[in-house]
Amino acid sequence: RYRDSAAAVDADNRLLWRMSPQRVEAEALRDAILSVAGELNTTLGGPGYQDFDTFVRNSQFYEIKDKVGAEYQRRTIYRTCIRSGRNPLLDVFDCPDPSTKTPQRVVTVTPLQALSLSNSSFVLRMSDRLAERVRSEAGDDAAAQVRRLMWLAYSRPATDEEAARLGAFVEEQGLAELCRVVLNSSEFLYLD
6 RYRDSAAAVD ADNRLLWRMS PQRVEAEALR DAILSVAGEL NTTLGGPGYQ
56 DFDTFVRNSQ FYEIKDKVGA EYQRRTIYRT CIRSGRNPLL DVFDCPDPST
106 KTPQRVVTVT PLQALSLSNS SFVLRMSDRL AERVRSEAGD DAAAQVRRLM
156 WLAYSRPATD EEAARLGAFV EEQGLAELCR VVLNSSEFLY LD
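To convert, take the position in the sequence shown, counting from 1, and add 5; that gives the numbering used here.
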C-alpha cells in the first residue's frame, strides 16, 4: 500500500518498499478473459489445440484464425505453436516469437494493446459471453449487473459510485460494451 513516509524516502521504488504494478502476461490474459466469461475449457492433458489452418502451395503455409468452439478455449499453454505463425492478440502482448530463442520476455505498454482489446474478434466474442453470464447471474437490473461484473473481473465489490455511474453506462451503451471496457481496464490487465 502507498505510504507517504516511504514515498518521501524512495519515490521511485528503487528500494522495493512496494510492489510495482506488473502487466499480466499474454497467455494469462487470454486465460483470464476466458475464465471471467465462463468459457474456459479446463480439460487437462492431451493434444493441444490448433488455432491455425494449414494449406499447401509448393510449400506448407499456416494461417492463424480465431476459431470458435470449446476445444479452442483451453488454457493457452495447450496452444500448438508454429514457428511461422503468430497469434495477433498474444503477439501484441509480448508473447515470445516461436521462431527465435527468448531468454527473457520483453514487457511493453503500447496503444496497440488497447486497440487489440477493443477490436479483437476474440475479445468481442468473450465480451458478449461475459455479458450473457452477468445477465443470467444478476438479472436485468443494471446496478446488480455492474456489481456482479466487478466481482467476476476484479474479485472485489463495486463501490456505490461505480454501481451508479456504470449502471447508467449499461443503460445507455449496453452490458457487452461495459464488459469490453472492463476487459481493457488497467485493473484487469495489471497485478497491483
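We put the CB at the ideal spot given by N, CA and C, even for glycine.
Asked	Found
Can you find at least 3 beta carbon pairs, one from the stretch 128 to 140 and one from the stretch 39 to 47, that sit closer than 8 Å?	yes
How many whole angstroms separate the CB atoms of G53 and Y83, which I take to be in contact at a CB cut-off of 8 Å?	4 Å
For L196, which of helix, strand or coil comes out of DSSP?	strand
Quick one: any contact between the stretch 27 to 41 and the stretch 89 to 109, if contact means 3 or more CB pairs under 8 Å?	yes
Grab me the residues of W22's own chain with a C-beta within less than 6 Å of its C-beta, minus the 5 sequence neighbours each way, in chain order.	A11, D15
Check whether the Cβ atoms of V186 and A168 sit closer than 8 Å, and answer yes or no.	no
Could you work out which residue in Q65, R19, Q27, A13 is closest to T113 when comparing CA atoms only?	Q27
Tell me the DSSP secondary structure of T81 in three-state form.	helix
In this structure, what does DSSP give as the bridge partners for V112?	Per DSSP, none; premise fails for V112.
Check each candidate in T81, V73, I69 and name the one with the smallest Cα separation from I87.	I69
Using the DSSP secondary-structure output, state which residues sit across from R28 in a beta bridge.	Y195
Could you check the C-alpha separation between E142 and D17 for me, to the nearest Å?	43 Å
Helix, strand or coil: which one does DSSP assign to N46?	strand
Is the shortest distance between the beta-carbon of F127 and the beta-carbons of chain B less than 8 Å?	Among the chains in the structure shown there is no chain B, since it carries only a single protein chain.
What would DSSP say about R73, mapped onto helix, strand or coil?	The question names Arg, yet the displayed sequence has Val at residue 73. Here V73 sits in coil by DSSP.
How big is the Cα-Cα spacing for T85 and D145?	40 Å
Express the C-alpha separation of Q118 and N189 in angstroms, rounding to a whole number.	9 Å
Output needed for M131: all residues of its chain with C-beta closer than 6 Å, excluding positions within five of it in sequence on either side, in chain order.	I38, A42
Buried or exposed: which applies to G172, given that a residue is buried once 16 or more other Cβ atoms fall within 10 Å of its Cβ?	buried
Quick one: give me the first and last residue of the alpha helix (DSSP H) that S168 is part of.	For the sequence presented, residue 168 should be read as Ala rather than Ser. Segment 165 to 178, the alpha helix (DSSP H) holding A168.
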